[in-house]
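Trainee: The sequence shown begins at 165 in our numbering and counts up one residue at a time. The C-beta atom is built at its ideal place from N, Cα and C for all residues, glycine as well.
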Amino acid sequence: MNKYIKLTDAIAITNQTGAHETKKRLKELPGEDVKPVIRMKWVGVTPLTDSLQCSNCGYCVVSDEFITPYCPWCGARMEVPPDEQQGHA
Ligand SMILES: [Zn+2]
165 MNKYIKLTDA IAITNQTGAH ETKKRLKELP GEDVKPVIRM KWVGVTPLTD
215 SLQCSNCGYC VVSDEFITPY CPWCGARMEV PPDEQQGHA
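1. Beta strand (DSSP E) containing LEU216: first to last residue?
2. Please list, in chain order, all residues of the same chain as CYS235 whose beta carbon is under 6 Å from its beta carbon, the five residues on each side excluded.
3. Is it true that the CB of ARG203 sits closer than 8 Å to the CB of GLU243?
4. For TRP206, is the classification buried or exposed, using 16 other Cβ atoms within 10 angstroms of its Cβ as the cut-off for buried?
5. Who are the Cβ neighbours of GLY195 in its own chain at under 8 Å, not counting the five residues just before and after it?
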């Protein structure tokens with residue numbers, strides 16, 4: 165099982181100790197419970213409709229008025245298309 169630690173804690177240890185001590189102290193850091201983030205995007209179902217679907221599970225919305233930052237069905241985080249990021253900078 166993977167163990168997740170804070171990067172700032174790991175950097176502090178590597179700055180303070182030698183290689184052998186660093187390895188020992190990194191293993192002693194408390195692990196964090198984290199859930200992997202699934203990053204997907206809304207994609208067009210067909211060019212003839214405004215419907216969009218989650219690229220992970222296929223959940224559909226009828227138009228871009230109903231898109232959300234997360235898929236309501238599978239919970240995937242939806243990436244903002246690059247052309248929309250430039251407009252809101
Ligand atoms: Zn989904």
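Mentor: Here's the rundown:
1. 216 to 218
2. CYS218, TYR223
3. yes
4. Burial check for TRP206: the Cβ neighbour count within 10 Å reaches 16 or more, so the residue is buried.
5. Within the same chain, LYS167, TYR168, ILE169 come within 8 Å of GLY195 by CB-CB distance, once the 5 residues on both sides are set aside.
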